[in-house]
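Quick notes on the structure that follows.
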Amino acid sequence: MTDAPIIRRAKESDILTVCRLEALIFSSPWSRESLRAALSDGYVFVVAEQSGNTAGYAILDERVKDEAELLRIAVSPGLRGKGYARALMEYLIEHERGRGGKIMLEVRASNEAAINLYKSCGFCFSGVRRGYYRLPTEDALLMAYAPEGAQ
Ligand SMILES: CC(C)(COP(=O)(O)OP(=O)(O)OC[C@H]1O[C@@H](n2cnc3c(N)ncnc32)[C@H](O)[C@@H]1OP(=O)(O)O)[C@@H](O)C(=O)NCCC(=O)NCCS
196 MTDAPIIRRA KESDILTVCR LEALIFSSPW SRESLRAALS DGYVFVVAEQ
246 SGNTAGYAIL DERVKDEAEL LRIAVSPGLR GKGYARALME YLIEHERGRG
296 GKIMLEVRAS NEAAINLYKS CGFCFSGVRR GYYRLPTEDA LLMAYAPEGA
346 Q
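The sequence shown begins at 196 in the working numbering and counts up by one.
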């Protein structure tokens, strides 16, 4: 990465781009309406911007007190391996540290890139949900991050 990306809260004008990335990246993409709903209170929806372009995004659900859930993190296929996901995760962890809560997530058992990302950000394995994912059917690994002082 040449310059550090700007990590900022998503806006209505980001929805179309994120919607396109969803369709490109995920087998069960979120709809425009679901993405729009994540702009509301109770979610932390952030984008990584580089030279005015959206490189990636992440969505954290913090409606439950003391236990946020990472719902989405993705980086544009041509821009991977440049530290954008790490920058997004660091923003979310710092944000959650301020609230003193945990971050939970589920990840496909075969998703080595995401698992390595989470491990390198301090997440630990906390369980497994057999056959949780569809298209294709696969186990979900549960991972958790607890900032210092969280129960
Ligand atoms: C997972 C994903 C978000 C990583 O984004 P990225 O911007 O390429 O990741 P970064 O460049 O910030 O890498 C951070 C760390 O992740 C891990 N990682 C990233 N890509 C990896 C790969 N292809 N293989 C193994 N580990 C990888 C490494 O630990 C890396 O740290 P390092 O560079 O010091 O080795 C990206 O691959 C992606 O969008 N995948 C599809 C969507 C997805 O699976 N999302 C997660 C489930 S919701």
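Yeah, the Cβ is synthetic: ideal placement off N, Cα and C, and Gly gets one too.
Cβ-heavy atom distance, residue i to ligand 2, below 6 Å
i	result
I298	With respect to ligand 2, the structure offers nothing, as its ligand set consists of ligand 1.
Cβ separation of residue i and residue j, assumed to be a contact under 8 Å, to the nearest whole Å
i	j	result
L283	A243	5 Å
Y313	V323	Not a contact, Cβ separation roughly 14 Å.
Y279	E257	So it is not a contact: roughly 22 Å between Cβ atoms.
Ligand 1 heavy atom lying under 6 Å from the CB of residue i
i	result
R281	yes
G273	no
V270	yes
E307	yes
N311	yes
G317	no
I288	no
I220	yes
G295	no
G278	yes
Classification of residue i by the beta-carbon crowding that lies within 10 angstroms, buried from 16 upward
i	result
F318	buried
A218	exposed
A263	buried
>> I'd like the ranges of any alpha helix (DSSP H) spanning at least 4 consecutive residues and lying wholly in the stretch 244-328.
In response: 279-294, 307-315
> Residue ranges of each alpha helix (DSSP H) run of no fewer than 4 residues wholly in the stretch 199-242, ordered along the chain?
Replying inline: 210-220, 227-232
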